[in-house]
Amino acid sequence: MIKKLVVIGVGLIGGSFALALKKAGAVKHVVGMGRSQKNLRLALQLGVIDEVADDYATAVEGADMVFIGTPVGQMPSIMRAIASHLNQRTVITDGGSTKQDVIQCAKDCLGEHFVRFVPAHPMAGAEHSGAAAAKVDLYHGRKVILVPQPKTSVRAVAKVRAAWLACGAKVVRLKAREHDEILAAVSHLPHVVAFSLMGHLAQHKNPKRLLGFSAGGLRDTVRIAGSSPEMWRDIFLANQVALLGELDAYAEELQVMRRALKKKDGATLLSLFEKARRARERWIVPPARQ
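In our numbering, the protein residues as written are 80 to 369.
Shown next as structure tokens:
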């Protein structure tokens, strides 16, 4: 039982964490903090949180766990603000999509409390944000990656792991660099594609008419372009090196296809498409059916 949980950034990720723990009976009282009072009042009305705190000192006083669910760019100021008010048993964790930068931030800002910081990343999300987007079952059956450091308290890791298991998640561990490299390929690059494609289409001479003829294919491809611009700006900048590597590799893949198209090389195009289709089928077919 978490007697007091503090969620800083009561949006899709933090709000869903609180709702899932409430449903599981694993938390007694949830305190919310964030930049938007309107969003916090809505979170209170929806039952996502039980109390709105006006300052960090009041919020984290006596807290068993603090969950930071903000964009990663906001985490340094938040960690600096809470550090002097944490007690010796408060466990701190996060839901950031990058880990090397967040871990360094925690080392720099949390001081003696760094040993109770458990870096985490739930592999779940949606294109919507804010407290209204929170879902009680968002994490059910989804992976949550923990990235404990050599000095991280075993008790703290166990507490965060238990919380995510109570949410119905599957907990795995990765090294920070490995996490960021994997996410650059499977999460961050797709968002680059969605944002850039939507931006490209919006610059056409008559984008309204153009998009009026679109169907499910375009909607499926650009769905995630509806995600928080601030959050993804921070993620891209935080994971710059790994993401640039994936972008370069993807650009070369596009050039291979462009060259084949320019030469009217149907055999190469067919080969590329068949290879991609087989890869997709291997990915989406459940292991039991393979």
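Heads up, the beta-carbon is just placed ideally off N, CA and C, and yes, glycines get one too.
Cβ-Cβ separation, K186 to D259 (assumed contact under 8 Å), whole Å | Stepping through the sequence shown from its first residue, residue 259 is reached at position 180. Stepping through the sequence shown from its first residue, residue 186 is reached at position 107. No, D259 and K186 are not in contact; Cβ-Cβ is about 16 Å, not under 8 Å.
Take D173 as the anchor and find which of Q153, Q183, P198 and V194 has the nearest alpha-carbon.
-> For the purposes of this step, residue 173 is identified with residue 94 of the sequence shown, where counting begins at 1. Of the listed residues, the one whose Cα sits closest to D173 is P198.
Please list, in chain order, all residues of the same chain as K222 whose beta carbon is under 6 Å from its beta carbon, the five residues on each side excluded.
-> Position 143 of the sequence shown, counted from the start, is the residue given in the question as residue 222. For K222, where only same-chain residues beyond five positions count, the Cβ hits under 6 Å are M202, K249 and V251.
Count the other C-beta atoms from every protein chain shown that fall within 10 angstroms of the C-beta of M80, then say buried if there are 16 or more, exposed otherwise.
-> As a first step, residue 80 is located in the sequence shown; it is residue number 1 there, counting from the start. Label assigned to M80: exposed.
In the segment 133 to 170, which residue ranges form an unbroken beta strand (DSSP E) of at least 3 residues, counting only runs that do not cross its ends?
-> 144 to 147
For M112 and N318, the rounded distance between their alpha carbons | The residue labelled residue 318 in the question sits at position 239 within the sequence shown. The residue labelled residue 112 in the question sits at position 33 within the sequence shown. Their backbone Cα atoms lie some 26 Å apart in a straight line.
DSSP state of R338, grouped into three classes?
-> Sequence index remark: in the sequence shown, residue 338 carries index 259 (1-based). Three-state result, R338: helix.
Roughly how far, in whole angstroms, is the beta-carbon of A241 from the beta-carbon of G94, given that I think they are within contact range, below 8 Å?
-> In the sequence shown, residue 241 corresponds to position 162, counting from 1. In the sequence shown, residue 94 corresponds to position 15, counting from 1. Actually they are not in contact, since the Cβ atoms of A241 and G94 sit about 20 Å apart, beyond 8 Å.
In its own chain, which residues sit with a C-beta less than 6 Å from the C-beta of A235, not counting the 5 before and 5 after it?
-> Residue 235 sits at position 156 when you count from the first residue of the sequence shown. Only V170, R195 and V197 meet the Cβ criterion.
For the beta strand (DSSP E) containing L84, list its first residue and its last residue.
-> For the purposes of this step, residue 84 is taken as residue 5 along the sequence shown, with counting starting at 1. L84 -> beta strand (DSSP E) spans I81 to I87.
Per DSSP, what kind of secondary structure is M112 in: helix, strand or coil?
-> Here residue 112 is taken as the residue at index 33 of the sequence shown, counted from 1. The answer is strand: DSSP assigns M112 an E or B state.
Three-state secondary structure assigned by DSSP to A241 | Taking the sequence shown and counting its residues from 1, the one referred to as residue 241 is at position 162. Residue state, collapsed to three classes: helix.
Classify A199 as helix, strand or coil using the three-state DSSP reduction.
-> Working through the sequence shown from its first residue, we reach residue 199 at position 120. Of the three classes helix, strand and coil, the one that applies to A199 here is strand, per DSSP.
How long is the line joining the alpha carbons of S307 and A213, rounded to whole angstroms?
-> As a first step, residue 307 must be located in the sequence shown, where it is residue number 228. As a first step, residue 213 must be located in the sequence shown, where it is residue number 134. Those two C-alpha atoms are separated by around 14 Å.
What residue does the beta strand (DSSP E) around I224 start on, and which one ends it?
-> In the sequence shown, counting from the first residue as 1, residue 224 sits at position 145. Run containing I224: K222 to L225, per the beta strand (DSSP E) assignment.
Nearest residue (CA-CA) to Q228, options A245, H279 and F193 | The residue labelled residue 228 in the question sits at position 149 within the sequence shown. With distances taken between Cα atoms, Q228 lies closest to F193.
Span of the beta strand (DSSP E), counted from its first residue to its last, around Q302 = Taking the sequence shown and counting its residues from 1, one reaches residue 302 at position 223. For clarity, residue 302 is Arg in the given sequence; the question names Gln instead. That residue, R302, is in no beta strand (DSSP E); it is neither H nor E in DSSP.
Count the other CB atoms within 10 Å of the CB of K83; is the residue buried (16 or more) or exposed (fewer)?
-> Here residue 83 corresponds to residue number 4 of the sequence shown, with the count starting at 1. K83 should be labelled buried.
Who are V251's beta bridge partners in DSSP?
-> The residue labelled residue 251 in the question sits at position 172 within the sequence shown. DSSP, once it has assigned bridges, lists I224 as partnering V251.
Integer Cβ distance of G90 from G148, believed to fall under 8 Å | Here residue 90 refers to the residue found at position 11 when the sequence shown is read from its first residue. Here residue 148 refers to the residue found at position 69 when the sequence shown is read from its first residue. Yes, G90 and G148 are in contact; Cβ-Cβ is about 6 Å, under 8 Å.
6 Å Cβ shell around Q369 - same chain, five flanking residues per side excluded = Translated into the one-based positions of the sequence shown, residue 369 becomes position 290. Low confidence applies to Q369: its pLDDT is 37, below 50, so where it sits in the model is not reliable, and the reading given next is rough at best. Same-chain partners within the cutoff: there are none.
Mind checking whether H200 and I161 have CB atoms under 7 Å apart?
-> In the sequence shown, counting from the first residue as 1, residue 200 sits at position 121. In the sequence shown, counting from the first residue as 1, residue 161 sits at position 82. In this structure, I161 does not lie closer than 7 Å to H200 by Cβ.
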